[in-house]
Amino acid sequence: MSDVGESRHTRDLDLFTLIREDYERHGRDWTRPGFRAMVVYRFGVCRMRIRTRLLRAPLSFLYRRLFIRVRNRYGIEIPFTAQLGRRVTLEHSHAIVIHGNSVIGNDCYIRQGCTLGNKSLDAPFDAPSLGDRVNVGTGAKLLGKVIVGDDATIGANSVVVKDVPSGAVAMGVPARIVRKADLRPSAGNGVDAGSRSAQVLRPAEFTVDSSRPRAPGAPRRPSRLSSD
Ligand SMILES: CC(C)(COP(=O)(O)OP(=O)(O)OC[C@H]1O[C@@H](n2cnc3c(N)ncnc32)[C@H](O)[C@@H]1OP(=O)(O)O)[C@@H](O)C(=O)NCCC(=O)NCCS
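Numbered as in the numbering used here, the sequence shown ends at 228 without a single skipped number.
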């Protein structure tokens, strides 16, 4: 069976609905590598809904060919075991590597040069979990079992090795967590621009459920970062 790799956001939707949403999200441009990679990923996931292995075999053969093509031509690697939500946008192409145990929520942006992967070969199954509407800047690396909350932003070229609270901005190497509001004094929040940087959030302020999505090798179960 079955729903291996299937995000809880997508398991009730058919392949064409998911692809149509991805198409819209990629500017209705079927030539974009990100869109093509998403189509192949969706196909890889949805083919697993066919329970009989024999019936699935020709689709699996086709999927593997397409996966290799996308990886080698566009430099985008998203195994079907990763759990991607709806309307995930892959802006641009190349050096996008998503670990097979990663979880990505709805409406997230992943850009060129981004890696969501394990931190060490000693823990090869550890992978990041992103909530909804997470915006990952170009070149960012998210390593290990980090949890990134809804609406968080990861700065370009950041290396994230710790959880990022909902709505926060994480930036730098290693990424430090800064309140989003503190970065936008013009939004009328009364924050002095001079004191805006590096206000680190305490764990108690996190709004994500920090329980892990699953143990390595364990059956997949829904992420609890947020509800639909
Ligand atoms: C993180 C980010 C969202 C912050 O944007 P912002 O809210 O406008 O923040 P500012 O530009 O005002 O910068 C605020 C502070 O963070 C620093 N900063 C900004 N981006 C940073 C980054 N990626 N890494 C490290 N520090 C960064 C600034 O130098 C500044 O520091 P200071 O307060 O000490 O002067 C933005 O810089 C970013 O990285 N966006 C990614 C966009 C992207 O990937 N574009 C590619 C499109 S193809």
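C-beta atoms are modelled at their ideal positions from N, C-alpha and C, and glycine is treated no differently.
The model shown is predicted, which means the values in this text are computed figures rather than measured ones.
Check whether Ala168 and Ser158 have beta carbons under 9 Å apart: Contact flag unset, no.
Proximity to Asp122 [Cα-Cα], best of Leu143, Val103 and Asn106: The shortest Cα separation from Asp122 among Leu143, Val103 and Asn106 belongs to Leu143.
C-alpha distance - Ile110 paired with Ile96, whole-angstrom precision: For Ile110 and Ile96, the gap between their C-alpha atoms comes out near 8 Å.
Extent of the continuous alpha helix (DSSP H) to which Ile19 belongs: Unbroken alpha helix (DSSP H) run through Ile19: Leu15 to Arg25.
Rounded separation between Ser60 and Val39 - CA only: Answer to the nearest angstrom: the Cα atoms are 14 Å apart.
Candidates Asn135, Ile78 and Leu66: closest to Ser166 by CA position: The shortest Cα separation from Ser166 among Asn135, Ile78 and Leu66 belongs to Asn135.
In DSSP terms, what Leu130 is bridged to: According to DSSP, residue pairing for Leu130 in a beta bridge involves Val148.
Status (buried if at least 16 other CB within 10 Å, exposed otherwise) for His26: A buried status is given to His26, since no fewer than 16 other beta-carbon atoms sit within 10 Å of its beta-carbon.
Gly75 Cβ short of 8 Å to ligand 1 heavy atom set: Flag unset: Cβ of Gly75 not near ligand 1.
Cβ-Cβ separation, Tyr63 to Phe43 (assumed contact under 8 Å), whole Å: That belief holds up - the Cβ atoms of Phe43 and Tyr63 are roughly 6 Å apart, short of 8 Å.
Reduced DSSP secondary structure (H/G/I, E/B, other) of Val97: In this structure, Val97 counts as strand in the three-state DSSP scheme.
Top-ranked residue by Cα proximity to Arg86, from Met48, Ala156, Leu116 and Asp107: Comparing alpha carbon positions, the residue from Met48, Ala156, Leu116 and Asp107 closest to Arg86 is Asp107.
Endpoints, alpha helix (DSSP H) assigned at Gly44: Unbroken alpha helix (DSSP H) run through Gly44: Pro33 to Cys46.
Tyr74 versus Met48: straight-line alpha-carbon distance, rounded: Going from the Cα of Tyr74 to the Cα of Met48 covers about 24 Å.
Coil, strand or helix - Ala57 by DSSP: Looking at Ala57 - three-state DSSP - the assignment turns out to be helix.
Proximity to Arg133 [Cα-Cα], best of Ser120, Asp126, Ile154 and Asn118: It is Ile154 whose Cα lies nearest to the Cα of Arg133.
heavy atom of ligand 1 below 8 Å from Thr153 C-beta: For ligand 1, at least one heavy atom lies less than 8 Å from the Cβ of Thr153.
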